[in-house]
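Asker:
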Amino acid sequence: FDNDGAGNKETWPFNVPFYLKLNLAWGGDWGGAQGVDESKLPATYEIDYVRVYQK
-16 FDNDGAGNKE TWPFNVPFYL KLNLAWGGDW GGAQGVDESK LPATYEIDYV
34 RVYQK
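Going by my numbering, the sequence shown opens with residue -16, and the numbers climb by one from there.
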């Protein structure tokens, strides 16, 4: 995106700090109808690293 200076914070959201959100959602149609399989919990969600590039 190029910022031409004509917008404001509402039209150009990248001029303010923001954060990465790493999320893992699991379930599907089965979870709501049958409940959660407690034998699969607790589970671990491990992230080795996150790479961010800045120009």
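Just so it is clear, CB atoms sit at the ideal spot from N, CA and C, and this is done for glycine as well. Quick caveat, the model's predicted, so the values are computed rather than measured.
Quick test of your reading: leucine 5 and isoleucine 30, contact by CB under 8 Å. State the CB separation rounded to the nearest angstrom.
Answerer: Right, the Cβ-Cβ distance comes to about 6 Å (below 8 Å), so this counts as a contact.
Asker: I think leucine 7 touches tyrosine 28, with their Cβ atoms under 8 Å apart; what is that distance to the nearest whole Å?
Answerer: 5 Å between Cβ atoms; contact.
Asker: Do you know how far the Cα of lysine 23 is from the Cα of threonine -6?
Answerer: Roughly 44 Å between the two C-alpha positions.
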